[in-house]
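Student:
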Amino acid sequence: MRRLMVKIHLLIALIGGVFIVVLGLTGSVIAFEPELDRLLHSDISYVKPGGKSLSLAEIGGAVSRKYPGEPIVAYLPSQSSDFATEVILSRGIVAVNPYSGEILGLRTRGQSFLGFVRALH
22 MRRLMVKIHL
32 LIALIGGVFI
42 VVLGLTGSVI
52 AFEPELDRLL
62 HSDISYVKPG
72 GKSLSLAEIG
82 GAVSRKYPGE
92 PIVAYLPSQS
102 SDFATEVILS
112 RGIVAVNPYS
122 GEILGLRTRG
132 QSFLGFVRAL
142 H
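So for the sequence shown, our numbering puts the first residue at 22; every next one is plus one.
In structure tokens form, the structure reads like this:
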């Protein structure tokens with residue numbers, strides 16, 4: 022009986038340990054999500070600084086013309102002069118050049134490595 026209890030205890034500890042390791046690793050990745058996101062999507066995350074930034078209304082207008090009928094959920098203004106402004110839609114995140122209003126690309130939610138990590142966490 023004691024041997025069975027030790028094996029059950031070991032099995033529960035291993036399963037719990039795997040769970041804790043997965044939570045720790047995915048949490049570490051999520052902590053650096055903005056930096057990793059820019060690294061993985063550098064083609065649409067960076068812009069060449071130039072001139073005066075457009076207003077959020079102008080950026081929202083550009084996004085609405087490109088994705089008509091899609092409601093804008095939020096704006097994430099660029100935190101650096103060489104970062105794209107991000108506009109959150111229900112289906113994903115649109116990267117916009119804050120100087121020209123050019124739509125750089127759309128990242129759909131959950132269809133990337135970081136989306137998978139967030140879902141796993």
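All C-beta atoms in this analysis are idealised placements derived from N, C-alpha and C, irrespective of residue type, glycine included.
Looking at the structure shown, is E145 part of a helix, part of a strand, or coil, going by DSSP?
Tutor: Nothing can be reported for residue 145, as the shown portion of the chain is limited to 22 through 142.
Student: At a cut-off of 7 Å, is P119 close to the ligand ATP when judged by its beta-carbon and the heavy atoms of the ligand?
Tutor: Looking for the ligand ATP in the displayed structure turns up nothing, as the structure carries no ligands at all.
Student: Among G82, I124 and I93, which one has its Cα closest to the Cα of L110?
Tutor: L110 has its Cα closest to that of I93, out of G82, I124 and I93.
Student: With L125 as the anchor, note down where its beta strand (DSSP E) starts and where it stops.
Tutor: Note, L125: beta strand (DSSP E), I124 to T129.
Student: So is I33 buried or exposed if we call it buried at 16+ other beta carbons inside 10 Å?
Tutor: Flag for I33 reads exposed.
Student: Alpha carbon to alpha carbon, how far is L35 from I41? Give it in angstroms, no decimals.
Tutor: Approximately 10 Å between the Cα atoms of the pair.
Student: Does DSSP put L75 in a helix, in a strand, or in coil?
Tutor: Coil, per DSSP.
Student: Which first and last residues belong to the alpha helix (DSSP H) in which V50 is found?
Tutor: Its alpha helix (DSSP H) spans residues R23 to A52.
Student: To the nearest angstrom, how far is it from the Cα of F53 to the Cα of A116?
Tutor: About 19 Å.
Student: Going by DSSP in three states, G90 sits in which element: helix, strand or coil?
Tutor: DSSP places G90 in coil when its eight states are reduced to three.
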